[in-house]
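In what follows, a single structure is set out as structure tokens and then discussed.
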Amino acid sequence: MPARQICLRDSLIFEYMPQKTLASYKAHLIWAFVILVLSFAVIAYFPKLREDAATWIGALSAFITFYAILFAILEARQARHAATSAKSAADLAKDAAKDVQQRLGSLATTKEITECIANIEIALDSLDANRLIPSITIGRIIELYSRLCHQQVKDQKSAEWGNVQMLVSYKMTATGRTSRTHSKTRDALLTIVGQLGSHEAGCRQAAGSVSPTGIQG
Amino acid sequence: MIPPQLRSFVFQLIDATNSGAVQWTPGEWPAFFCSHKDFTIHLASRPREYDETTLLLMRIESPDGSLAFFEVSQYEEDFVTMNALFDSVSVNASNMAQKLQNFFD
Numbered sequence: 001m002p003a004r005q006i007c008l009r010d011s012l013i014f015e016y017m018p019q020k021t022l023a024s025y026k027a028h029l030i031w032a033f034v035i036l037v038l039s040f041a042v043i044a045y046f047p048k049l050r051e052d053a054a055t056w057i058g059a060l061s062a063f064i065t066f067y068a069i070l071f072a073i074l075e076a077r078q079a080r081h082a083a084t085s086a087k088s089a090a091d092l093a094k095d096a097a098k099d100v101q102q103r104l105g106s107l108a109t110t111k112e113i114t115e116c117i118a119n120i121e122i123a124l125d126s127l128d129a130n131r132l133i134p135s136i137t138i139g140r141i142i143e144l145y146s147r148l149c150h151q152q153v154k155d156q157k158s159a160e161w162g163n164v165q166m167l168v169s170y171k172m173t174a175t176g177r178t179s180r181t182h183s184k185t186r187d188a189l190l191t192i193v194g195q196l197g198s199h200e201a202g203c204r205q206a207a208g209s210v211s212p213t214g215i216q217g
Numbered sequence: 218m219i220p221p222q223l224r225s226f227v228f229q230l231i232d233a234t235n236s237g238a239v240q241w242t243p244g245e246w247p248a249f250f251c252s253h254k255d256f257t258i259h260l261a262s263r264p265r266e267y268d269e270t271t272l273l274l275m276r277i278e279s280p281d282g283s284l285a286f287f288e289v290s291q292y293e294e295d296f297v298t299m300n301a302l303f304d305s306v307s308v309n310a311s312n313m314a315q316k317l318q319n320f321f322d
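Protein chains in written order, with my numbering: chain Z, 1 to 217; chain H, 218 to 322.
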């Protein structure tokens, strides 16, 4: 492998490795200094520890062991802290993903509402001009409205269900030669526009008021 | 024509409409719809585009969303049956029988 690639790989590994903080090094250094001072103090206070080489080395080994235990305790604490931070970072990432999904859902709904209202405008213009509403337009309105209010449309006692049935009845009776006012269809279309207007306001609010942490404001 | 599989259903629907067991709602004239046991049925009349023949159309939507649709023209034998249904439905949807109860008082 070329040296350049190795360097790049190593730098990437280094980048994604958990980084030691300056505070963690500082803790080790402070404790090393404390143990050193303590060991000197103890050796100075107890002259018997300096009597021969074996006792001196034994005392030194005891302090080194004590420092090693302290070092291990500090490392364990830091590892536990890092694990907690990683968990909270994962939770934050999950919240952010949920937030994005929610925003995208709201944007898709807003787009469908806009398209439905545009088709209703075409339908109302056609009725005003005593023209037949294009079959594709009325079909699209029924499709979008049924999708946007899918819960309400299932309820046969709801106004939404009645609106859909009114549009279906228009579709079944509409012919090219008509001078009728189609007042029921017009009323249903205007009711739908009103409902979608308030629905859209709710969607825009949901898409716009989500804070970066994923908590709705 | 009325599909043979639905012929007896149409006759039963006429009886249910006349007895008031099924309640119809006026749609965009001349169309009516009713919901019964999660089924939605539409009945409409319209002239055929090219020869002005009167058509009677029925649309049945089942609770699972599947649709059945048929039409009967005025020159078909089944038109008499469908026209009887249409007349019953128009009376049912307008509640005309009840409204006329005190007509001669």
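Backbone N, C-alpha and C fix where the C-beta goes; we use that ideal spot for every residue, glycine too.
query: Tell me GLU51 (chain Z)'s beta-bridge partners as DSSP assigns them.; result: According to DSSP, GLU51 (chain Z) bridges with nothing at all.
query: Just verifying my parser: in three-state terms, what is the DSSP assignment at LEU167 (chain Z)?; result: helix
query: Please report the residue range of the alpha helix (DSSP H) in which ILE277 (chain H) lies.; result: Looking at the DSSP string, ILE277 (chain H) is not in any alpha helix (DSSP H); the run it does join, the beta strand (DSSP E), is 271-278.
query: Does any CB atom of chain Z fall closer than 7 Å to the CB of ALA238 (chain H)?; result: no
query: Kindly indicate which three-state DSSP category PHE46 (chain Z) falls into: helix, strand or coil?; result: coil
query: Taking THR191 (chain Z) as the query, report the chain H residues whose CB atoms sit under 7 Å from its CB, ordered along the chain.; result: The premise fails here: THR191 (chain Z) is roughly 14 Å from chain H at the closest Cβ pair, so nothing lies under 7 Å.
query: Rounded to whole angstroms, what's the CA-CA distance from ASP128 (chain Z) to GLN102 (chain Z)? Just pull it up for me.; result: 39 Å
query: For chain Z, find out if any of its Cβ atoms is closer than 7 Å to the Cβ of GLU245 (chain H); answer yes or no.; result: yes
query: Indicate the three-state DSSP secondary structure (helix, strand or coil) for LEU190 (chain Z) in the structure shown.; result: helix
query: Which partner residues of VAL289 (chain H) appear in the DSSP bridge assignment?; result: H:LEU273
query: Distance check for ALA76 (chain Z) and THR65 (chain Z), CA to CA, integer angstroms please.; result: 17 Å
query: In the DSSP assignment, find the unbroken beta strand (DSSP E) run with LEU144 (chain Z) in it and report its ends.; result: From DSSP, LEU144 (chain Z) is part of no beta strand (DSSP E) but of the alpha helix (DSSP H) over 135-148.
query: For the beta strand (DSSP E) that contains THR298 (chain H), what are its first and last residues?; result: Counting along the chain, THR298 (chain H) falls outside any beta strand (DSSP E), though it belongs to the alpha helix (DSSP H) covering 296-311.
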